[in-house]
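In full-length UniProt numbering, the protein residues as written are 1 to 222.
Backbone N, C-alpha and C fix where the C-beta goes; we use that ideal spot for every residue, glycine too.
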Amino acid sequence: MSDSFPPPAASATRLRVAQGLVLLFHATGLVGLLFSHDPGFYLRFTPLTLLLSAALLLAFQPGRSWEFWQFCLAVGLLGFVAEVVGVHTGKVFGSYAYGDTLGPKWLDVPPLMALNWVLITYLAGILARRLPLGELARTLLAAALMVGFDLCLELPAGRYDFWHWTGGVIPFRNFRDWFILACVAQMLFNRARFVKTNALVPFLYAVQLLFFFALEWLGPGK
């Protein structure tokens, strides 16, 4: 299935309910992390929030063809393998290790990171398709959106035990390697034949950016 046959628009009520759930989960988490005496309680819900976001996006993805699932599998494997290589060798992204916030680990990497790669690729890819661009420009724009998302996530990551950089410094190579892998992920997105439209994407992308931005600039010590 391709973009040539867009699906009917999601109902306004259904979309508002989904947006309300996204806002509720992120706002509750933000208030809890910033003002609670036990932020660890709210951190335990991080995997659930990620899974909820994926489920809501999936509900608004038309068609969900076999090629859509192939894209998810390919990007998930790409991201997970890159993270395993990075954690064990430092040759991708730099020298870092995962904490406990993202849940159980396999090969020292939370499997949830595979889903995270799929979500970020999907969000950025859908957003880039809203502009009348050629495939190369669309790939570069979407990759830049992915790196921008990673930047907002990196800033508070260590404080909330997502992952930790050796020496506490985020290396430039992290963003370089992110951009390279993001371009590969976006090429997979562009070549996959499924309907690439989702009414929830702009709202979810914006809420998540604001969530991590607020964690960094309003968090402890600010």
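Start and end residues, alpha helix (DSSP H) containing residue 128: Residue 128 -> alpha helix (DSSP H) spans 112–128.
Unbroken beta strand (DSSP E) run spanning residue 164, endpoints: 163–165
Just mark residue 149 as buried or exposed, buried being the case when its beta carbon has 16 or more other beta carbons within 10 Å. buried
Mind pulling the beta strand (DSSP E) runs of 3 or more residues that sit fully within the segment 6–46? none
Given this structure, state the Cα-to-Cα distance separating residue 6 from residue 52, to the nearest angstrom. The pLDDT assigned to residue 6 is 45, lower than 50, so where the model puts this residue is not dependable; a value taken from the coordinates is nonetheless given after this. So the alpha carbons of these two residues sit roughly 25 Å apart.
Residue of 217, 43, 24 and 26 minimising C-alpha distance to residue 162: 43
Using a Cβ distance threshold of 8 Å, determine whether the segment 47–67 contacts the segment 182–201, with at least three qualifying pairs required. Taking a contact to require three or more Cβ pairs closer than 8 Å, the segment 47–67 and the segment 182–201 qualify as touching.
Span separating the alpha-carbon of residue 56 from that of residue 135: Distance between the alpha carbons of residue 56 and residue 135: 27 Å.
Whole angstroms is fine: what's the gap from residue 59's alpha carbon to residue 190's? In this structure, the straight-line span from the alpha carbon of residue 59 to that of residue 190 is close to 21 Å.
By the DSSP assignment, the beta strand (DSSP E) with residue 97 in it spans what residues? Where residue 97 is concerned, the enclosing beta strand (DSSP E) stretches over 96–98.
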